[in-house]
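Using this note's numbering, the first residue of the sequence shown is number 60, and each one after it goes up by one.
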Amino acid sequence: MKRIVFAVLLLLLVKIYSYADEGMWLPIFLKQLNEKEMRAAGMKLRAEDIYSINKGSLKDAVLHFGGGCTGEVVSPKGLLLTNHHCGYGQIQKHSTLEHNYIRDGFWAKNMSEELPCEGLTVTFISRIEDVSTQVLLGVNDKMTESERQSVIDQNIAKVSKSLVIQAYEAVSIKPFFTGNQYFAIISVTYKDVRMVGAPPESIGKYGSDTDNWVWPRHTGDFSVFRIYAGKNNLPADYSPDNVPYVPKHYFPISLDGVKENDFTMIFGFPGRTDEYLPGIGVQQATEVLNPVRISLREKALKIMDAKMRTNPATKIKYASKYASIANAWKKWIGESLGVKKTDGLGRKMKYEADFTKRINADPALNQKYGQLLPEFEKKYSEYKRYAVAREAIAEVFSRILDFTRMGNQAIQLIKAFDSQGETEYSKQATKARDGLAGFYKNFEADIDKEMFVELILIYKANVESGLQPATITKLSKEQFASMFDSSNLINEAKMNTILALPATEAVKLLREDALVALLKEVYEFNQNSISPKANTYSAEINTLQRTYMQAQMEVFKEKKFYPDANSTLRVSYGKVKPYSPKDGIKYDIMTTIDGVIEKYVPGDYEFNLDQHYLDLYAKKDYGRYGVNGTLPVCFIGANHTTGGNSGSPAIDAKGNLIGINFDRVWEGTMSDVNYDASICRNIMVDIRYVLWVIDKYAGAGHLIDEMKIVGKSK
Ligand code: ARG
Ligand code: ASP
60 MKRIVFAVLL LLLVKIYSYA DEGMWLPIFL KQLNEKEMRA AGMKLRAEDI YSINKGSLKD
120 AVLHFGGGCT GEVVSPKGLL LTNHHCGYGQ IQKHSTLEHN YIRDGFWAKN MSEELPCEGL
180 TVTFISRIED VSTQVLLGVN DKMTESERQS VIDQNIAKVS KSLVIQAYEA VSIKPFFTGN
240 QYFAIISVTY KDVRMVGAPP ESIGKYGSDT DNWVWPRHTG DFSVFRIYAG KNNLPADYSP
300 DNVPYVPKHY FPISLDGVKE NDFTMIFGFP GRTDEYLPGI GVQQATEVLN PVRISLREKA
360 LKIMDAKMRT NPATKIKYAS KYASIANAWK KWIGESLGVK KTDGLGRKMK YEADFTKRIN
420 ADPALNQKYG QLLPEFEKKY SEYKRYAVAR EAIAEVFSRI LDFTRMGNQA IQLIKAFDSQ
480 GETEYSKQAT KARDGLAGFY KNFEADIDKE MFVELILIYK ANVESGLQPA TITKLSKEQF
540 ASMFDSSNLI NEAKMNTILA LPATEAVKLL REDALVALLK EVYEFNQNSI SPKANTYSAE
600 INTLQRTYMQ AQMEVFKEKK FYPDANSTLR VSYGKVKPYS PKDGIKYDIM TTIDGVIEKY
660 VPGDYEFNLD QHYLDLYAKK DYGRYGVNGT LPVCFIGANH TTGGNSGSPA IDAKGNLIGI
720 NFDRVWEGTM SDVNYDASIC RNIMVDIRYV LWVIDKYAGA GHLIDEMKIV GKSK
């Protein structure tokens, strides 16, 4: 008997604990929803310490970096840390042949050497307010979608005006829980952000695409920036007179590191998740759409890779494109595999069976929600063919092929000529001509041609013939190849000549171009025959999803719900935990510099290291950052994160910074649609590696002096 009680208790505990790992929680509800659980998991802070509008709290040191990543303030002088891959665009922009900061890294020796980054902003959150009641005032179930939206828009306008904010603050009111709730986000954006330091790519991007989404990982994925403000500490446009921003809070840094089961928290701006879809929705994403996207990208990557391997110049041209195509490709493969491995669909089915059982037991609920799941089945299955057709066009013609960008420009020019006449055309043509060199710099016609003819074949095999533009259905591979060769779009010199011609002649040539004509046909077909249907179905599914979200919250009253990610500030928490990717394998929680060296391939573009690094390794000079004769590099935790969480602070039980989040493990990337605590892990670079690189490798100890180092190993 005792044993049974114990087993039940254990089961309950496992359930509570595995539950704790899932969730991207709203900071304003931590007190009500999470504080107790967080403290039980080891946290020493109070919810007030994480988010407060009355005093400085952790949230005041967390920022949205450039709109897509997260960063954290680590000094009283506005110094911030984010990922190398988040700062990459800036590092690249400041790089020249003489100053190749991507290859060699960059370190400002003092503030006057810090590099202004035009267009880069960081945003802090002043406060978040629940405005659901006001925004949904007057909305009812009988309204059409557009009636509903127009009431909501009017309410949002009213609420925005009524909120008391400072002149330097902005308000944005966003839907949460698929439009069942609305929150006002009051924020402050700083516009003078300067680049302070970045390790060379061989550290910051170590392992590149091969190691991307993979554990064990050895990437020093960080870069350093500084926020500047006007003399009053308020946002100001760039000026040499601006001064370092004084934050309300900055993270102390702990050198104590982590061990298994330590509490960790990630505080940042996750971009998008879809955790509350019905099974059929997850199935469509992972079994129907992902395979199409994956097969298209796989082909494209193979073609690029083959050429990049034989020609170093090609490698440079295509590195960034390859990385971005590969990033999502690899994630989708991991996602589909992960859903399968963890029986994500089976779990959804069980959940739905439970849902159905509960509503069947309650006539009022049944009346409201009884038709939801069958409706989803119906709509998703009708939507499927259009979803595939739309996604395949987007992948091939907007995301993968390159000539299409030049083709779009040609179409715009023809349009300008037809609707606004010669003067407008000439204005645009001059601009387009100026942009040619920039475009062709990273364009190789033979690569794009091979991708074009091969991807079209995959496209044809995946999209129903009735949903393909006629020309695509009709032509053969050889015909596509000669269509490509005949086009002027693929040739810089020819485009240059054409754009210098008088308007009528130029437009005639552009119009006659076979690739331009094909693109026009594709876009028009998409607009007339795919989009209207696809949009109608996706809008209907969205309405169902809103109701389903509401239904889940009503039916599973005992469950705590967090809203899907929507690029707003969230807290995720969990523990440092190993995992098993496959039967018979268990992955450890931490990697070290010894593993960096194990992966080293001299001269390789993904796993190269420089002599200085190797020398430091040979001396084992880890200073106060080392532990047990080695240097920690990365660690994993069961914190629920997604794209946008890159650069987020990894925080210990006391609110100290212990790492920077930058990725997830491949087997767990399905956390965006179906979190599973057994296998979903986020990857963080250990702060001790970051500080070692800054201090010992780069000799930028003056930056460390600005920081507050705490813990017993300080
Ligand atoms: N997978 C990470 C994320 O989604 C890192 C991507 C950058 N690194 C790369 N090798 N492409 O952003
Ligand atoms: N690497 C992602 C980012 O850049 C994080 C993730 O998807 O886990 O935000």
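Note that the Cβ used here is the ideal one computed from N, Cα and C, for glycine as well.
Would you say residue 589 and residue 449 are within 8 Å of each other, going by their C-beta atoms?
Judged by beta-carbon spacing, residue 449 lies within the 8 Å limit of residue 589, meaning their Cβ atoms are closer than that value.
Tell me which residues share the same chain as residue 671 and place their Cβ nearer than 8 Å to its Cβ, disregarding the 5 neighbours each side in the sequence. Excluding five sequence positions before and after residue 671, the CB atoms of its chain that fall closer than 8 Å to its own CB belong to 756, given in chain order.
Helix, strand or coil: which one does DSSP assign to residue 123?
Correct three-state label for residue 123: strand.
| message | Looking at residue 118: is its Cβ nearer than 8 Å to the Cβ of residue 184? | response | Contact flag set, yes.
task: Determine the direct distance from the alpha carbon of residue 614 to that of residue 423, and round the result to whole angstroms.
output: Per the coordinates, the alpha-carbon of residue 423 lies some 11 Å from the alpha-carbon of residue 614.
ask   = Excluding five sequence neighbours on each side, which residues of the same chain lie with their C-beta closer than 6 Å to the C-beta of residue 128?
value = Excluding sequence neighbours, residue 128 sits near 141, 145, 705 and 706.
Excluding five sequence neighbours on each side, which residues of the same chain lie with their C-beta closer than 8 Å to the C-beta of residue 71?
Bear in mind that the predicted position of residue 71 carries a pLDDT of just 48, short of 50, making it too unreliable to give a figure here.
(Q) What does the Cβ neighbour count give for residue 482, buried or exposed, with the cut at 16 atoms within 10 Å? (A) Residue 482 is classed as exposed because its beta carbon has fewer than 16 other beta carbons within 10 Å across all chains shown.
| Taking 7 Å as the cut-off, does the CB of residue 270 come closer than this to any heavy atom belonging to the ligand ASP? | Because no heavy atom of the ligand ASP lies under 7 Å away, the Cβ of residue 270 does not count as near it: no.
Query raised in the report: Just to confirm, does residue 705 get its C-beta within under 7 Å of one of the non-hydrogen atoms of the ligand GDP?
Result: Because the ligand GDP does not appear in the structure shown, any question about it cannot be addressed here, the ligands present being the ligand ARG and the ligand ASP.
Quick one: what's got a C-beta closer than 7 Å to residue 109's C-beta in the same chain, skipping five residues either side?
The answer, listed in chain order, is 86, 89, 116, 117, 118 and 630.
| From residue 484 to residue 159, what distance separates their C-alpha atoms? | Their backbone Cα atoms lie some 38 Å apart in a straight line.
Query raised in the report: For the ligand ARG, any of its heavy atoms closer than 7 Å to the Cβ of residue 555?
Result: The answer is no for residue 555.
message: Rounded to the nearest angstrom, what separates residue 480 and residue 222 at their Cα positions?
response: One C-alpha to the other measures close to 47 Å.
Pick from 348, 683 and 384: whose alpha carbon is nearest that of residue 364? That would be 384, whose Cα lies nearest to the Cα of residue 364.
Can you give the beta carbon distance from residue 703 to residue 329, rounded, assuming they're within the 8 Å contact cut?
That pair is a contact at about 5 Å.
### Residue of 228, 239 and 241 minimising C-alpha distance to residue 250
Cα-wise, what sits closest to residue 250 is 228.
- Query: Considering only residues of the same chain and omitting the five flanking positions on each side of residue 169, which have a CB-CB separation below 7 Å?
  - Reply: Contacts found: none.
Where do the N-terminal and C-terminal ends of the alpha helix (DSSP H) with residue 425 fall, by residue? Where residue 425 is concerned, the enclosing alpha helix (DSSP H) stretches over 422-428.
Does residue 111 come out as helix, strand or coil in the three-state DSSP assignment? Taken through DSSP and simplified to helix, strand or coil, residue 111 comes out as coil.
**Message:** I need the straight-line Cα distance from residue 514 to residue 454, nearest angstrom please.
**Reply:** Going by the C-alpha atoms only, they are around 10 Å apart.
> Which residue or residues does DSSP assign as beta-bridge partners of residue 446?
Replying inline: BP columns for residue 446 are empty, so no partner.
| message | Short of 7 Å in beta carbon distance, which residues of its chain neighbour residue 634, apart from the five on each side in sequence? Order them along the chain. | response | The answer, listed in chain order, is 100, 320, 321, 322, 323, 696 and 697.
- Message: Quick check on the DSSP output: the alpha helix (DSSP H) that includes residue 555 runs from which residue to which?
- Response: 551-559 is the span of the alpha helix (DSSP H), which, as asked, contains residue 555.
Please report how far the alpha carbon of residue 768 lies from the alpha carbon of residue 354, in whole angstroms. Their Cα atoms are separated by approximately 48 Å.
Alpha carbon of residue 612 to alpha carbon of residue 236, nearest angstrom
Approximately 10 Å between the Cα atoms of the pair.
**Prompt:** Does any heavy atom of the ligand ARG sit closer than 7 Å to the C-beta of residue 451?
**Reply:** Every heavy atom of the ligand ARG is 7 Å or more from the Cβ of residue 451, so no.
- [ ] Please work out which residues of its chain come closer than 7 Å, Cβ to Cβ, to residue 78, disregarding the five sequence neighbours upstream and downstream, and give them in chain order.
- [x] Note on residue 78: pLDDT 48, under 50, position unreliable in the model; no value is reported.
>> Three or more C-beta pairs under 8 Å: does that hold for the region 658-668 against the region 732-744?
In response: By the criterion of at least three beta-carbon pairs nearer than 8 Å, the region 658-668 is not in contact with the region 732-744.
For this session: Assuming residue 341 contacts residue 431 (C-beta within less than 8 Å), just tell me the rounded distance between them.
Result: Residue 431 and residue 341 do not touch by the CB rule: their CB atoms are close to 16 Å apart, not below 8 Å.
Which stretch, first to last residue, makes up the alpha helix (DSSP H) that contains residue 563? Counting along the chain, the alpha helix (DSSP H) containing residue 563 begins and ends at 562-571.
**Asked** Helix or strand or just coil, what does DSSP make of residue 612?
**Response** The three-state reading of DSSP puts residue 612 in helix, counting H, G and I together.
CB-CB under 7 Å to residue 760, same chain, minus the five flanking residues each way: which ones, in chain order? Only 754 meet the Cβ criterion.
Self-check item: Stretch-stretch touch, CB-based, cutoff 8 Å, three pairs: the region 566-583 with the region 437-449
Solution: When C-beta atoms of the region 566-583 are compared with those of the region 437-449, fewer than three pairs fall below 8 Å, so the two segments do not count as touching.
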